[in-house]
Amino acid sequence: MASTKRARTEEIPEGQNVKSKPIPMSLNKTDDRFLRLLIETKVDTIRPKDNKIYVAQRNDSVVEVWKGLITHGFLSCPVLSKTKQKYYGFVDIYDIVKFVVDFFGETPEIKSSEDFFTVASKNTEFQKKIVNDIMKYPLTKKNVFHPIQSGYSLFSAIEAMARERGLHRVPIVDHNSELMTVITQSQVVNILERNLDILGAKADKPISHTDKYMEEVYTIHEDALALDAFKLMVEKNVSGVAVVNSEGCMTSNISMRDLRAMSVDGRLFWRLYQTCKNFLQKVSKESREADEGRPRSLVTVKEKETLGAVIRKLCQHKVHRVYIIDAQKKPQGVISLKDILLEIISP
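FYI, in our numbering the residues of the sequence shown are 168 to 514.
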């Protein structure tokens, strides 16, 4: 269970795993078979690990929800209305981190390696802050976290992920707007990898033939502050940036997922004011020790490689983007899961 009073992990109804279904002989092209799979699979059959999701309420304490996210290793969680328990929106861990940085400013307390929550507990105003005070994504039609109703096809969720910039997870609700499940990028990567055999020509397509979908590469120098890297991600609405040295060669990648390096005592803030190079060294070391699956080395591809090869790397390394580099390891582009999804659903 979560450490919060209301925020919690919730058991959700059992669902079935996604698997290939019989396809009419009239649709025997591999590309068509995969699209048919997406169309015939219902969004509410896609289940998270252990059939549990972590949720919060609008009036939950920011501090307690923050601790819950850290404890469960999540970057965000759906938020429910405090009275009707219906889906209201999402809160991201970065929203909390940014709020803390803005609230305390560049004070010695926030840059200290001391237990941050001990410092925060002495600030009465901060302790009163609730999730609703910092939510960036309340439920609206324009919100990228707008839910999809149960009964719709998996294709509808995949299309939303492909076309909506900044959309990395899709909430699924029933006809009463009660949350049923959440479809994440990690789940989608696994579905793609398990069905590579029916992706057909799309899987064999070289990256160099999909350059119109490749995102612009945003870079940050390895000696810049880690905090500045996360600010750049928010400014550009991306979830990761390439870390380069003085020659412009890529040395690493820093992403929103690295915020999970935050420990339950809040030591992350001390690390945010270190260089990207030092920040990532500590994150990588602790990830290996905890066996959390962070790639041990930089995940990259060359332009001649195929979309199928990229999908395998996304699944193997549990990442959502890979960088395209030249012979000198200078980043030439980045291809993300969203780019791949857009390629797959496009004619």
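Cβ atoms here follow ideal geometry from the backbone N, Cα and C, with glycine treated the same way.
Within 10 angstroms of its Cβ, does residue i collect 16 or more other Cβ (buried), or is it exposed?
i	result
Ser464	exposed
Glu487	First, the residue type needs correcting, since residue 487 is His and not Glu in the sequence shown. By the 10 Å Cβ count, His487 comes out buried.
His376	exposed
Ser422	buried
Ser406	buried
Ser513	exposed
Gln224	buried
Lys188	Residue placement at Lys188 is flagged as unreliable, the pLDDT there being 39, under the threshold of 50; the coordinate-derived value follows with that caveat. Exposed, by the Cβ-count rule.
Pro373	exposed
Ile206	exposed
Ala368	exposed
Arg262	Here residue 262 turns out to be Asp, not Arg, going by the sequence shown. Asp262 is buried by the Cβ-count criterion.
Thr291	exposed
Lys216	exposed
Lys452	exposed
Gly500	buried
Gly235	buried
Asn218	exposed
Met192	In this predicted model, Met192 has a pLDDT of only 37, less than 50, meaning its place in the structure is not dependable enough to derive any value.
Where residue i and residue j are concerned, what is the direct C-alpha to C-alpha distance, given to the nearest angstrom?
i	j	result
Gly240	Thr351	14 Å
Met417	Ala476	21 Å
Ser228	Lys295	7 Å
Thr238	Tyr440	23 Å
Ser353	Lys505	12 Å
Arg336	Ala329	11 Å
Glu470	Val450	29 Å
Glu402	Ser243	18 Å
Glu383	Cys482	22 Å
Leu359	Gly318	21 Å
Asn195	Gln495	Per-residue confidence for Asn195 stands at a pLDDT of 43, beneath the threshold of 50, marking its modelled position as unreliable; the derived number appears in the next sentence. Taking the straight line from one Cα to the other gives about 43 Å.
Glu510	Asn357	17 Å
Lys398	Thr442	14 Å
Leu447	Asp199	42 Å
Phe266	Leu394	13 Å
Phe271	Leu392	18 Å
Thr307	Tyr255	9 Å
Glu472	Ile365	19 Å
Thr250	Ile478	42 Å
Lys289	Val230	13 Å
Tyr490	Phe436	28 Å
Arg424	Met400	12 Å
Lys444	Val264	20 Å
Ile502	Val232	32 Å
Ile315	Glu326	11 Å
Asp370	Phe293	One point to set straight first is that residue 370 is Ala, not Asp, in the sequence displayed. If you take the alpha carbons of Ala370 and Phe293, they lie about 50 Å apart.
Pro245	Pro305	10 Å
Leu247	Lys253	5 Å
Phe257	Val355	19 Å
Leu202	Ala396	37 Å
Arg173	Asn226	Only weak support is given to the placement of Arg173: the predicted model assigns it a pLDDT of 46, under 50, and the value that follows is read from those uncertain coordinates. Approximately 9 Å between the Cα atoms of the pair.
Leu334	Lys480	21 Å
Ile220	Gly415	41 Å
Our contact map puts residue i next to residue j with C-beta atoms below 8 Å; I'd like the distance itself, whole angstroms only.
i	j	result
Ile492	Pro498	6 Å
Arg214	Thr348	6 Å
His484	Val468	So it is not a contact: roughly 11 Å between Cβ atoms.
Ser320	Thr208	7 Å
Asn404	Arg332	6 Å
Val210	Ser323	7 Å
Val222	Leu346	7 Å
Lys303	Asp259	7 Å
Asn362	Leu204	7 Å
I'd like to know whether the C-beta of residue i is nearer than 8 Å to at least one C-beta of chain C.
i	result
Tyr261	Looking for chain C here will not work: only one protein chain is present.
May I ask you to verify whether the segment 406-413 touches the segment 386-397, counting CB pairs closer than 8 Å and requiring at least 3? yes
Validate contact between the segment 308-316 and the segment 292-299 using beta carbons, cut 8 Å, 3 pairs: no
Please give the ranges of any alpha helix (DSSP H) in the segment 204-260, keeping only runs that are unbroken, at least 4 residues long and fully inside the region. You should have 229-239.
Flag this pair as touching only if the segment 284-294 and the segment 329-340 have three or more C-beta atom pairs under 8 Å; answer yes or no. no
Can you give, in chain order, each stretch of the beta strand (DSSP E) that sits fully within the segment 288-364 and has at least 3 residues? Counting only runs of 3 or more, we get 336-340, 346-351.
Those runs of the alpha helix (DSSP H) which lie wholly inside the segment 464-492 and span at least 4 residues: 474-484
Could you pull out every unbroken alpha helix (DSSP H) segment of at least 4 residues lying fully inside the segment 385-451, listed in chain order? 393-403, 435-439
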